[in-house]
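Participant:
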Amino acid sequence: MNAPPLDVWLIATDGLLLLDLAGPAEALRLAGEAHFRLRFAGPQPRANTLVGAVLADLAPLPEQITGPALVLVPGHEPGNEGPGSEAVVGWLRRVLPQPGVQLATVCAGALYAARAGLLDGRRCTTHYAHAQELQTLAPAAKVEADRVFVQDGPVWTSAGVTAGIDLALQLIATQVSPQVAADVARRLVVYFRRGGDDPQLSAWFMHRNHLHPLVHRVQEKLAHDVAADWSLEAMAELVHVTPRHLSRLFREHAQVAPAEYLRLLRVAQAQALLADSRLPMERVAELSGFGSARDLRRVLARARQ
């Protein structure tokens with residue numbers, strides 16, 4: 001007999017970050033109504049998002065929730081919480097924990113759960129910018145600030161914004177199957193599905209917080225084809241500068257040497273392929289730009305130190 005669909009209560013309040021709600025909701029929708037039944041609720045019938053869109057016809061917060069169910073609390077911008085935030089905290093405190101009911105938070109949604117006392121004694125995470133506040137609100141919790149998402153029993157917490165999609169994909173993998181999760185990821189055009197142990201600021205995002213167009217152009221080319229035979233000279237030719245000048249630009253603006261940046265990308269590529277595929281080590285090494293499986297094992301061992 002097929003399991004009944006999981007009722008997913010998505011909680012909307014004034015000041016919410018729309019992608020925190022829409023990202024997981026769309027992933028769960030694509031998994032199919034046979035597996036997830038989406039219900040939108042809030043302390044008020046309407047919720048104003050930070051981008052100006054208004055969510056209307058929200059159901060009232062239910063007096064009780066019976067399993068199987070999931071309560072998903074999206075994030076907000078601290079300081080921009082709407083008047084319904086206290087109502088949500090009080091509601092969470094009343095209806096959870098409950099057998100068969102899971103809790104998931106995205107970004108600063110974890111702050112609501114912390115204020116409701118639902119994270120005490122649990123491992124959890126949030127957007128790295130809110131990690132200290134989360135620890136202050138839940139001193140008995142173990143905040144893991146550098147994680148994309150964390151599951152501790154029936155409680156799931158995720159980092160900022162797009163990490164909610166990663167959390168939803170993992171929920172699909174555990175509640176339905178890894179194959180369905182992979183299919184949904186492809187439909188969402190998720191480049192790399194991140195696991196819970198991945199750092200929030202992975203190699204694909206590190207060293208990109210600068211404004212130099214030539215350095216960005218080289219970084220984009222490297223990320224697009226990490227397996228290519230990239231020499232410093234080949235990188236410099238992309239932007240018509242000398243190798244020495246490119247090295248200086250990278251160190252000044254990206255705070256990393258070109259070769260080291262390429263190594264970080266290759267390690268990230270290899271780790272993702274090893275986590276999400278059944279490819280042999282030799283093939284992973286080839287696709288990631290390493291000369292052999294032996295070279296890859298040595299680099300991965302150093303990366304874990």
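Be aware that the sequence shown starts at 1, since it is given in the UniProt record's numbering, and climbs by one per residue.
For each residue, glycine too, the CB sits at the ideal point set by N, CA and C.
1) Using the Cβ count rule (16 or more neighbours within 10 Å means buried), how would you classify H240?
2) Nearest-angstrom Cα distance between A131 and A140?
3) Using the C-alpha atoms, what's the distance from V73 back to I11?
4) Cα-Cα, which of S85, H35, D7 and R304 is closest to G42?
5) Which two residues bound the contiguous alpha helix (DSSP H) that contains I165?
6) Buried or exposed: where does P4 fall if 16 or more other Cβ atoms within 10 Å of its Cβ makes it buried?
7) In the structure shown, what three-state DSSP assignment does P154 receive?
8) What does V71 pair with, by DSSP beta-bridge criteria?
9) Quick check: what's the CA-CA separation for T66 versus G109?
10) Measure the alpha-carbon distance for R93 versus A113 and round it to whole angstroms.
11) Would DSSP call F250 helix, strand or coil?
12) Restricting to Cα atoms, I'd like to know which of R147, V95, G164 and R46 is closest to A22.
13) Give the secondary structure of V54 by DSSP, where H, G and I count as helix, E and B as strand, and everything else as coil.
14) G84 lies in the beta strand (DSSP E); which residues open and close that run?
15) Classify P45 as helix, strand or coil using the three-state DSSP reduction.
16) Within this structure, are the beta carbons of D166 and S158 separated by less than 8 Å?
Facilitator: Well, looking at it:
1) For this step, residue 240 is matched to residue 240 along the sequence shown. Exposed, because fewer than 16 other Cβ atoms sit within 10 Å of the Cβ of H240.
2) On the sequence shown, position 131 is the one that residue 131 refers to. On the sequence shown, position 140 is the one that residue 140 refers to. So the two alpha carbons sit approximately 14 Å from each other.
3) Position 11 of the sequence shown, counted from the first residue, corresponds to residue 11. Position 73 of the sequence shown, counted from the first residue, corresponds to residue 73. Their Cα atoms are separated by approximately 5 Å.
4) Counting from 1 along the sequence shown, the entry for residue 42 is found at position 42. It is S85.
5) In the sequence shown, the residue the question calls residue 165 occupies position 165. Run containing I165: A163 to Q175, per the alpha helix (DSSP H) assignment.
6) Translated into positions along the sequence shown, residue 4 becomes position 4. Per the 10 Å Cβ criterion, exposed.
7) Position 154 of the sequence shown, counted from the first residue, corresponds to residue 154. P154 falls in the coil class under three-state DSSP.
8) As a position in the sequence shown, residue 71 is number 71, starting the count at 1. Per DSSP, W9 and L103.
9) The residue you call residue 66 lines up with position 66 of the sequence shown. The residue you call residue 109 lines up with position 109 of the sequence shown. Taking the straight line from one Cα to the other gives about 21 Å.
10) Start at 1 with the first residue of the sequence shown, and residue 93 comes out as number 93. Start at 1 with the first residue of the sequence shown, and residue 113 comes out as number 113. Approximately 8 Å between the Cα atoms of the pair.
11) Taking the sequence shown and counting its residues from 1, one reaches residue 250 at position 250. If DSSP states are grouped into helix, strand and coil, F250 belongs with the helices.
12) Against the sequence shown, residue 22 aligns to sequence position 22. Of the listed residues, the one whose Cα sits closest to A22 is G164.
13) Counting from one through the sequence shown, the residue named residue 54 turns up at place 54. Correct three-state label for V54: strand.
14) For the purposes of this step, residue 84 is taken as the residue at position 84 of the sequence shown. Run containing G84: none; DSSP gives neither H nor E here.
15) For the purposes of this step, residue 45 is identified with residue 45 of the sequence shown, where counting begins at 1. In the structure shown, P45 sits in coil (DSSP, three-state: anything other than H, G, I, E or B).
16) Residue 166 sits at position 166 when you count from the first residue of the sequence shown. Residue 158 sits at position 158 when you count from the first residue of the sequence shown. Contact: yes.
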